[in-house]
Structures are given as structure tokens and as C-alpha cells.
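Asker: The numbering of the sequence shown is numbering that gives the first Met the number 0, which starts it at 0 and goes up by one.
Glycine included, every Cβ here is placed at the ideal spot set by N, Cα and C.
Quick caveat, the model's predicted, so the values are computed rather than measured.
Have a look at this one.
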Amino acid sequence: MANSYLTHTQSAGNRRTWTFSAWIKFSNVSDVQRIFLAHNNTHPSTQIDYNGSKIAVYNYDGSNTNFIVQTNRLFRDVNGWYHLVVAVDTTQATASDRVKLYINGVQETSLAQSSYPSQNFDTEVNDNSAIAQVSGGGTPGNSFNGYMSHVALVDGQALAPTVFGETDSTSGIWKFKTPTGVTWGTNGFHLKFENSGALGTDSSGNTNTFTVNGNLKQAVDTPSNVYCTLNTLNKQISGAALSNGNNTLTTTSGSPYTGTTGSTMAFSKGKWYFEAQCTTSPNSTYPIFGFGDVTQVVSGNNQYMGDPSNFTNISVSTGRGTSNVYKTGSSTSTYSASDFPFSTNDVLMVAIDYDNDKIWWGKNGTWLASGDPANGNNPSQTGFISTITPNDNFITPYFGDENYSSSATINVNFGNGFFGTTAITSAGSNGNGSLFEYDVPSGFYALNTKNINTYG
């Protein structure tokens, strides 16, 4: 979470030789973000940063950058996880061997900057009384915006990435591997984030437990099972701000029909379920939820989901005392306030059966018009899905608002178990490991990589 970070005071260790490993998923690809740093009264500091979509490791003493190794490659995938390993050994005779940076098991050799430390240079990592900090925030700031998993430091060894990951024999994809036989050293730690009530717990055996600062939250989104989120690369730039791991959308007032934002996962078959919540008054902000062609590019301020000239979709707009259902811009049916009243913080339930071209809308545990997604009965809409897939038959969830004079805040729960930073109050059944407020209809699934691989 933004403005959340973990800290631990180091003891005297090996400042010249160490390895940092972390699995990371970015939510924002533009801001400067600290992944890991060690500092003593702000500076000097040794830092691993994400800046301009590049990853860099460097040392700054308050006035000079003592060394910096930065990738040429840009990392802009907001859906997948990256495995980052930084191996430092300043005792090496060859300068380029003193700092090595790996992504998904492969060393980055095409570098935008490559000023290496002098031989036997002492970094701030493992410096006595210095602060080891996972994510920015606090001092010196610039919080990491996204997800982290299995964050580890080895004090005294420069290790290969194969200690922490391996290539899957079937898919060829780099995947997590439990580190075994590791001599962690004095300041070594392994943060698995397994205990939601003690996210700073060290599992290395060293008991180098970190202090949690800010509003850090545990997510079910992991390197082995990636969850759908809102897509920062497919949104109205001036009208949509994303936060909370790209699960919260805040639109901007003053721009016509703002905030249309797509999601990071699409499907062309199967049955899917998700929830959404508007924390601003639906009767003044007119939040709009629905599905669109995955190739739809969101750009113009007028490109809202009810606009037939700009957007091909099926969506429901709540508020105004009625809830209008749009099919490629035309209001095909209207539910009265007594049928589908929507108030602030109500939870919208969405079930879509792509194979049978049916959509159900629901609210706070009740399906509209006695809908029964599990048995395929009384859908809210039918026969619409085929009309919104003119290109490649894949569709994805979209969100936005329909009122240019007000700002809407929409929280989406694709199964992570939160509306914004608030945990669901009581997990429903049939989640299959995903956490929803209400019961998932039998046969329907959360949008994540495991489910799409199996059912999509």
C-alpha cells in the first residue's frame, strides 16, 4: 500500500557482500518508488528504486552518487509479477562483478547507467544501527506502490537467482522456489507476509522482525496466482486515478464522463464473478460498471461506457433513482429505484456467463429480479455479449462514471477481500481461495490466472 513500509534496525554485518531478493508487482509505472533501502539518518543510503519504469541500485552519500547500476529495459507490466535479485560483492577485482541485477532469473547486462562501486566499498546495507527499510515511506520517502512477496536479504553472500526461483519445466515460466540451505548471516531475513496480523515476521530463523508502518494490507494476489486489477495502462489519463493496488478508481470532476478504466484480465469463455462498491453517492456521481471489448482503447474525456460513438459494451449505470442498462450506448432497459436502489457503500454483485451470453446484476447479497446464476435462471440481460466482441472475442470489466460534475470513488473486489483498505466484513462461500463479501454462485470463479487457466 502507498505510504506503508517496514523497518528494522540492523546490527553490524557484511557491508560489502549481500543479496536482496523480492517478488514485486507494480501498480504505478510512473512514480519514483523505493523497493528497498538501508540508511543512517537519511543519508548515506543504499537504495533499490523503480524510477521511470527502470530499476536501479545505487549508493548516495547526501551529495554524491557513489555507484549506480540501472537497467535499460522498462518494466511496465502491471498484471504480472517480477522477480528481482540484486547481488553485491564489492570485494571482486572486476568492477562489473561487484553489482549484479537479475530479473526473472536473467542478469540485466544492457544498462542505462553502470558506475560501479570502488573495490571493497562499504554500503549501508548491514551497517550497524542503520535502518533496513522495505518500501519507501517515512524517511527518505517515495513509497512502493504495488505488491511484494517473499522479500529476503542474505548477509555475507552474493547469490544466484536460482536460490530463490526456478524455471517451470512445463511452462518455461520463472517461478518462486523456497530458499533452502541458505546461511542468512547476521542481518538476513525472509519476509513471507503469511500472517496478516504480523506482516513483519522474519521466517529466516534470525528473528529479524520488521516494524510495520502505515496501512499495509495482506493480499491473496501472489506470484503463483495473479489476480485481476484495474489497468493503469488503459484508462482516461486525466480523468482516472488508481490506488490501493489498482483496486480503487477515483474519477475527476470537471471533465465530461470521466474515469473509464479497463482491467488487466480478459476472457472468451467461462463464468466469472466480482464485486464493486461506490463510496460516493451514486445518486450524484452515477457510477457505471460493465464489460467491453478488450481491444477498446480508452483515451478521450467523452469516452464513457454509455457513449455509442466511442464505446462498444454492455454496462449498468446506477444512480439518478434508476439504474440504466446500456448496450453499445443505448439504454435498453431501466430498473426503477424500488427494483434496484443503490446507496453509498452498497456492494454491487456481477456474474457473467460468457458461454450462454447471460449477465446478472445484484446488490448486497440479493440478485436482481430473483436472478439465479448458479442454475442459469432469470438473468438481468441476455444476448448481449456477442455484440461487444467484434474483434477477438475477448472481453474485460470496465468501470467509470456518468457525471462530469462530480467525482466518484469505486472500489473493486476481484477476490482480494478488500474494498479499498477495508477488509470485507464476512467472507461468502464458494470463493475457492478468493475472498468475496457474498456467496459466489456455484460454477462461477474469480478472475485470476489459475482460474483462467482452468476455466477460461
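1) Would you mind stating whether Pro-178 and Val-84 have Cβ atoms separated by less than 7 angstroms?
2) Can you tell me where the alpha helix (DSSP H) holding Thr-90 begins and where it ends?
3) Would the beta-carbon of Asp-220 fall within 7 angstroms of that of Asn-40?
4) Grouping DSSP H, G and I as helix and E and B as strand, with all else coil, what is Ile-384?
5) Extract the residue ranges of the alpha helix (DSSP H) inside the segment 82-151, only unbroken runs of 4 or more that lie entirely within it.
6) In this structure, what does DSSP give as the bridge partners for Pro-286?
7) Would Thr-70 and Lys-53 be called neighbours here (beta carbons separated by less than 7 angstroms)?
8) May I have the straight-line CA-CA distance separating Asn-50 from Pro-440, to the nearest angstrom?
9) Work out the CA separation of Asn-207 and Ala-131 for me, nearest whole Å.
10) Out of curiosity, what's the CA-to-CA distance linking Ala-350 and Trp-17?
11) Hey, quick one: how far does the alpha helix (DSSP H) through Ile-451 stretch, first residue to last?
12) Helix, strand or coil: how does DSSP classify Thr-346 here?
13) Just to confirm the assignment, what range does the beta strand (DSSP E) spanning Asn-212 have?
14) With distance defined between alpha-carbon atoms, name the residue in Asn-402, Asn-186, Ala-218, Asn-212 nearest to Asn-194.
15) Which same chain residues, not among the five before or five after Ile-47, have their C-beta less than 8 angstroms away from its C-beta?
16) Quick one: grab the DSSP three-state call for Thr-161.
17) Compare the C-alpha of Thr-249 against each of Ser-342, Tyr-285, Ser-142 and name the closest.
18) Classify Ser-385 as buried or exposed, calling it buried when 16 or more other Cβ atoms lie within 10 Å of its own Cβ.
19) Is the CB-CB distance between Thr-89 and Arg-15 below 7 angstroms?
20) For Glu-165, is the classification buried or exposed, using 16 other Cβ atoms within 10 angstroms of its Cβ as the cut-off for buried?
21) Give the range of the beta strand (DSSP E) segment to which Ser-262 is assigned.
22) When the Cα atoms are used, what is the spatial distance from His-149 to Leu-190?
23) For Ser-44, which residues of its own chain have a beta-carbon under 8 angstroms away from its beta-carbon, when the five flanking residues on both sides are left out?
24) Classify Asn-71 as helix, strand or coil using the three-state DSSP reduction.
25) Quick check on DSSP: helix, strand or coil for Ala-239?
26) Which residues in the same chain have their Cβ closer than 6 angstroms to the Cβ of Thr-185, if we skip the five residues on either side of it in sequence?
27) Counting only the same chain and skipping the five closest in sequence on each side, list residues whose C-beta sits under 6 angstroms from that of Leu-152.
28) Mind checking Asp-76: buried by the 16 CB within 10 Å criterion, or exposed?
Answerer: According to the structure data:
1) no
2) No alpha helix (DSSP H) holds Thr-90; DSSP gives it neither H nor E.
3) no
4) helix
5) none
6) Asp-400
7) yes
8) 42 angstroms
9) 10 angstroms
10) 49 angstroms
11) 448-454
12) Reading off the sequence, residue 346 comes out as Val, not Thr. In this structure, Val-346 counts as strand in the three-state DSSP scheme.
13) 210-212
14) Ala-218
15) Phe-19, Arg-33, Ile-34, Phe-35, Leu-36, Ile-54, Ala-55, Val-56, Leu-83, Val-85
16) helix
17) Tyr-285
18) exposed
19) yes
20) exposed
21) 260-262
22) 5 angstroms
23) Leu-36, Ala-37, His-38, Asn-58, Tyr-59, Glu-123, Pro-139
24) coil
25) strand
26) Ser-10, Gly-12, Asp-154
27) Phe-19, Gly-187, Phe-188
28) exposed
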